[in-house]
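Asker:
In our numbering, the protein residues as written are 9 to 98.
#1: Name the DSSP beta bridge partners of residue 34, please?
#2: Starting from residue 83, follow its DSSP beta bridges and name the residues at the other end.
#3: Determine contact between the segment 80 to 90 and the segment 44 to 51, defined as no fewer than three beta-carbon pairs at a distance below 8 Å.
#4: Just to confirm, are residue 41 and residue 66 a CB contact at a threshold of 8 Å?
#5: Is it the case that the segment 73 to 81 contacts the segment 14 to 21, given that we only count it when at least three CB pairs across the two stretches are under 8 Å?
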């Protein structure tokens, strides 16, 4: 866990509205993940040999009490310089 992730984790743990924090949570609904990528104009990453889509993860999956309802919110932590880098071929 990076220092940034650690700091954010502690903030989530101290929050009164966050009821559960999960780390490196798999985004295993591939249809939804691929649909979101398409809507954003991003080619979803796949294994180049087999064409099999990768299961991506998010840094944190939070369960949050929002107006008496439990909702899930995904959060990813990146430095702004990391957002500009390409990590895989599209």
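Even for Gly, the Cβ is constructed at its ideal location relative to N, Cα and C. Note that the structure is predicted; figures quoted are calculated from it, not measured.
Answerer: Result, derived from the coordinates:
#1: Residue mapping note: residue 34 aligns to position 26 of the chain shown, counting from 1. DSSP lists 65 as partners of residue 34.
#2: Residue mapping note: residue 83 aligns to position 75 of the chain shown, counting from 1. For residue 83, which the question treats as bridged, DSSP gives the partners 68.
#3: The segment 80 to 90 makes no contact with the segment 44 to 51, as fewer than three CB pairs between them are under 8 Å.
#4: Locating residue 41 in the chain shown gives position 33, counting from the first residue. Locating residue 66 in the chain shown gives position 58, counting from the first residue. Contact: no.
#5: Touching, no.
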